[in-house]
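Visitor: Once you've had a glance at the structure underneath, I'll fire off some questions.
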Amino acid sequence: MTAATEKPDLAALLARLDELRQAERRAASARMVSVAGHLVGTPLNVIAGRAALIRSNLAPEAVEENVRRIEEQVERLAMRIRRLIDYFGLAEPSLARRSVGEILDECQALYGPIAALKSVTLLVHAHDVEPLRIEAELSPLVLTTLLSLGVRTSAAGQTITLDVTEHGPKTVLFELHLPGLEVPKNFERLEPPEHGIPYDPGTLETFWTCLGLARRIGGALHVVQATSGVGVAVRFECGHG
Numbered sequence: 009m010t011a012a013t014e015k016p017d018l019a020a021l022l023a024r025l026d027e028l029r030q031a032e033r034r035a036a037s038a039r040m041v042s043v044a045g046h047l048v049g050t051p052l053n054v055i056a057g058r059a060a061l062i063r064s065n066l067a068p069e070a071v072e073e074n075v076r077r078i079e080e081q082v083e084r085l086a087m088r089i090r091r092l093i094d095y096f097g098l099a100e101p102s103l104a105r106r107s108v109g110e111i112l113d114e115c116q117a118l119y120g121p122i123a124a125l126k127s128v129t130l131l132v133h134a135h136d137v138e139p140l141r142i143e144a145e146l147s148p149l150v151l152t153t154l155l156s157l158g159v160r161t162s163a164a165g166q167t168i169t170l171d172v173t174e175h176g177p178k179t180v181l182f183e184l185h186l187p188g189l190e191v192p193k194n195f196e197r198l199e200p201p202e203h204g205i206p207y208d209p210g211t212l213e214t215f216w217t218c219l220g221l222a223r224r225i226g227g228a229l230h231v232v233q234a235t236s237g238v239g240v241a242v243r244f245e246c247g248h249g
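Here the sequence shown is numbered in our numbering, starting from 9 and rising by one per residue.
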């Protein structure tokens, strides 16, 4: 068998698939931002123009006509945004449940080889929560997306940890230590950082997306400084039952 026809290494294939997954997410987000900008831009220009006409001509009939046109543009904009949300919005959370142990095994099977390929250690500690059953589709998506981010941003020799515990009544807490990151500002609103403050847009987008997914299933997601002082702790909470 020649080098050209040798079977690719599974870990390398998984790493490449993960890279494509990240690129796909970024491309989709960039396209949606562009569409939103186009969607909002024209009506806002019309509204601004009509507001300027009101300032320059306060005759009652002129004001009434310009206000009417502004109201038309606002309604049109609201309708188009509603249609966009309805069409591209997330599906309802799955009613199916999977055990925490099964989901963790899947996460390790997917990202353990990728981490090893990049000389990053992935440690998972589950504390008597394996039998608990949680939402079957969006919760694994949150976990694998965060692990993908952690592996991508960690340097060789660093360690990613995932500790899973029962946290209060009917709640499972997944706490990830991601050593290669800093705490983002305003990721809940997906606001770009202030001028001169660098922060990777892909990382900001990832946290924002995971926050939305967590809330979609009635959970929560918080990003805080790690107690060690290195990296961040990401706390993902979701219900079980």
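Heads up, the beta-carbon is just placed ideally off N, CA and C, and yes, glycines get one too. Predicted, not measured: the structure shown is a model, and the values here were computed from it.
Rounding to the nearest angstrom, what Cα-Cα distance links Arg58 and Ala86 in this structure?
Guide: 18 Å
Visitor: So, is Phe182 buried or exposed, given that buried needs 16 or more other C-beta atoms within 10 angstroms?
Guide: Phe182 is buried by the Cβ-count criterion.
Visitor: Would you kindly check if the distance between the Cβ of Leu140 and the Cβ of Val242 is under 8 Å?
Guide: no
Visitor: Can you tell me where the alpha helix (DSSP H) holding Arg58 begins and where it ends?
Guide: Element bounds for Arg58: Leu18 to Ser64.
Visitor: Which term fits Thr10, buried or exposed, when burial requires 16 or more other beta carbons within 10 angstroms of its beta carbon?
Guide: At Thr10 the pLDDT is 44, less than 50, meaning the model places this residue with poor confidence; the figure from the coordinates comes in the next sentence. Exposed, since its Cβ has fewer than 16 Cβ neighbours within 10 Å.
Visitor: Is His230 closer than 8 Å to Thr173 when the C-beta atoms are compared?
Guide: no
Visitor: How about Gln81 and Pro101: do their beta carbons lie closer than 8 Å?
Guide: no
Visitor: Should Thr235 go down as buried or exposed, given a rule of 16 or more other Cβ atoms within 10 Å for buried?
Guide: Looking at its Cβ environment, which holds fewer than 16 other Cβ atoms inside 10 Å, Thr235 is exposed.
Visitor: Who are Glu143's beta bridge partners in DSSP?
Guide: Arg105
Visitor: On a Cα-Cα basis, can you pick out the residue from Asp26, Val191, Pro201 and Thr214 that is closest to Gln233?
Guide: Val191
Visitor: If you compare alpha carbons, which of Val41, Cys115 and Leu103 is closest to Pro148?
Guide: Cys115
Visitor: Which same chain residues end up closer than 8 Å to Ser127 when comparing Cβ atoms and leaving out the 5 residues on each side of it in sequence?
Guide: Ala164 and Gly165
Visitor: So what does Ile168 bridge to, in DSSP terms?
Guide: Leu130
Visitor: From what residue to what residue does the alpha helix (DSSP H) around Phe96 run?
Guide: Pro68 to Phe96
Visitor: Go ahead and label Ile122 buried or exposed: buried means 16 or more other beta carbons lie within 10 angstroms of its beta carbon, across all protein chains shown.
Guide: buried
Visitor: With DSSP collapsed to three states, give me the class of Thr10.
Guide: The pLDDT assigned to Thr10 is 44, lower than 50, so where the model puts this residue is not dependable, and the model offers no usable value.
Visitor: Does the separation of the CB atoms of Pro201 and Lys193 fall below 8 Å?
Guide: yes
Visitor: Going along the chain, which residues of its own chain have a beta-carbon closer than 7 Å to the beta-carbon of Val150, five neighbours each way excluded?
Guide: Here the set comprises Cys218, Leu221, Ala222 and Phe244.
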